[in-house]
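These notes concern the structure reproduced below.
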Amino acid sequence: MDQQPKDYSSISPSAKSLLLLKGHTGIPYAKETAALMQGAEVFDLDFGTKDFWFWMRVVHFELRYWSIDQLLRQADNKNILELSSGYSFRGLALCEHDNSLHYIDTDLPEVVATKRDMMTRLHLDQHPNQQFELLPLNALDESAFRSVVQKFGAGPLSIVNEGLLMYLNLDEKVRLCRTIHAVLQQQGGCWITADIYVKRPADMQAELPQREGERRFFEQHHIEENKFDDYDAARAFFAAQGFEVAAEAVPDYQSLTVLPQLLQVLPEEARNRQEQPPKVQATWMLRAV
Numbered sequence: 696m697d698q699q700p701k702d703y704s705s706i707s708p709s710a711k712s713l714l715l716l717k718g719h720t721g722i723p724y725a726k727e728t729a730a731l732m733q734g735a736e737v738f739d740l741d742f743g744t745k746d747f748w749f750w751m752r753v754v755h756f757e758l759r760y761w762s763i764d765q766l767l768r769q770a771d772n773k774n775i776l777e778l779s780s781g782y783s784f785r786g787l788a789l790c791e792h793d794n795s796l797h798y799i800d801t802d803l804p805e806v807v808a809t810k811r812d813m814m815t816r817l818h819l820d821q822h823p824n825q826q827f828e829l830l831p832l833n834a835l836d837e838s839a840f841r842s843v844v845q846k847f848g849a850g851p852l853s854i855v856n857e858g859l860l861m862y863l864n865l866d867e868k869v870r871l872c873r874t875i876h877a878v879l880q881q882q883g884g885c886w887i888t889a890d891i892y893v894k895r896p897a898d899m900q901a902e903l904p905q906r907e908g909e910r911r912f913f914e915q916h917h918i919e920e921n922k923f924d925d926y927d928a929a930r931a932f933f934a935a936q937g938f939e940v941a942a943e944a945v946p947d948y949q950s951l952t953v954l955p956q957l958l959q960v961l962p963e964e965a966r967n968r969q970e971q972p973p974k975v976q977a978t979w980m981l982r983a984v
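So the mapping is simple: the numbering used here equals the position in the sequence shown, first residue as 1, plus 695.
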């Protein structure tokens, strides 16, 4: 197995595209931080044409965001570590409402530097009573991972990630699982991951519009290949790494801030469809066994 360091910086631009989409939602700080983001985004998305597929993307990512918060409330751990957080400020928002939390937000150094600048420009770094930290971390660097975990006090830990596993091949997933499993066995707690993505059926892939920049990015990072074959395969993979699925988030469509926009552009055939659309993503709470 190749244990050599790998440069993951080519992944980081996707976080910008995601932020610009989330900027249309009520996700905390998304509008404000999206307004600060300059330059073209990697996926070449057309933010002027807000059609059905545009709002479907936004709905997906808003659902994914809130699914993690749902399971965090269920776990109710005061120590929280977020991996590869991108330009999300989940931890800051949670700490504003609960001073008992110790939240460490991590990503690659260039993303962390941009987020710190955003916090300064939006005056979000002026809350001395919060236990919120923003630190650089490559989640596959086991030594650095353990160093960050040591910053927490006693008590169970919730490890969170949203948008990471689809960039990792099988060996890299196994390495990350090994590190997280060891940490949770020592510290207690759980791993909440929104990255349970399964491969799309061929007809669904053909139906989904994709810009050229997005297509190139997905091919470069083998996104479709890195997904799980199905949910049984995902469960089997995590079981082989010593995890059990303790809970799954339940989508709450009615709470979405962008649901009205989606309903306005919903095609007639979609309104009349009886069957549910294929489920391509889930958010799971995993426990080390």
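The C-beta atom is built at its ideal place from N, Cα and C for all residues, glycine as well.
Straight-line Cα distance separating residue j from residue i
| i | j | result |
| --- | --- | --- |
| Glu-963 | Gln-949 | 20 angstroms |
| Phe-932 | Arg-873 | 12 angstroms |
| Lys-810 | Gln-825 | 17 angstroms |
| Met-861 | His-917 | 8 angstroms |
| Leu-716 | Ala-834 | 25 angstroms |
| Arg-870 | Arg-816 | 37 angstroms |
| Gln-733 | Ala-934 | 42 angstroms |
| Thr-888 | Trp-748 | 25 angstroms |
| Ala-808 | Gln-769 | 31 angstroms |
| Thr-978 | Leu-778 | 15 angstroms |
| Lys-846 | Asp-820 | 19 angstroms |
| Arg-966 | Asp-947 | 18 angstroms |
| Leu-766 | Glu-939 | 15 angstroms |
| Ala-839 | Thr-744 | 43 angstroms |
| Leu-731 | Pro-955 | 26 angstroms |
| Gly-884 | Glu-867 | 22 angstroms |
| His-818 | Asn-856 | 26 angstroms |
| Leu-865 | Met-813 | 34 angstroms |
| Gly-786 | Gln-936 | 27 angstroms |
| Phe-784 | Leu-714 | 10 angstroms |
Residues sharing a beta bridge with residue i, DSSP
| i | result |
| --- | --- |
| Thr-801 | Leu-830 |
| Ile-775 | Tyr-798, Ser-853 |
| Met-814 | Partner(s): none; Met-814 has no beta bridge. |
| Ala-983 | Phe-938 |
| Gln-976 | Tyr-892 |
| Phe-847 | Answer is none; Phe-847 lacks a bridge partner. |
| Phe-923 | Val-893 |
| Glu-943 | Trp-979 |
Residues near residue i in its chain [Cβ-Cβ closer than 7 angstroms; skip 5 each side]
| i | result |
| --- | --- |
| Met-880 | Looking at the sequence shown, residue 880 is not Met but Gln. Contacts found: Ala-983. |
| Thr-720 | Val-753, Glu-757, Thr-952, Val-953 |
| Ala-788 | Pro-723, Tyr-724 |
| Val-960 | Asp-746, Phe-747, Trp-750 |
| Leu-863 | Leu-871, Asn-921 |
Contact set for residue i: own chain, Cβ-Cβ below 6 angstroms, skip 5 residues either direction
| i | result |
| --- | --- |
| Ala-929 | Ile-891, Phe-923 |
| Gly-718 | Ala-725, Lys-726, Ala-729 |
| Arg-911 | none |
| Trp-886 | Ile-854, Ile-875, Leu-981 |
| Leu-957 | Trp-750, Val-754 |
| Glu-828 | Ile-799 |
| Gln-976 | Tyr-892 |
| Glu-837 | Thr-874 |
Spatial neighbours of residue i in its chain, beta-carbon cut-off 8 angstroms, leaving aside the 5 residues before and after
| i | result |
| --- | --- |
| Ala-710 | Gly-781, Tyr-782, Asp-802, Val-806, Gly-858 |
| Val-844 | Leu-776, Leu-852, Val-878, Gln-882 |
| Cys-790 | Leu-796, Tyr-798, His-822, Gln-825, Gln-826, Phe-827 |
| Arg-841 | Thr-874, Val-878 |
| Arg-968 | none |
Would you be able to state if there are at least three C-beta pairs under 8 angstroms between the region 776 to 795 and the region 921 to 928?
-> no
For the region 757 to 775 against the region 929 to 946, are there 3 or more C-beta pairs whose distance is under 8 angstroms?
-> yes
Residue ranges of each beta strand (DSSP E) within the region 851 to 898, 3 or longer | 852 to 856, 884 to 892
Looking at C-beta atoms only, is the number of pairs between the region 767 to 780 and the region 843 to 863 that lie closer than 8 angstroms three or more?
-> yes
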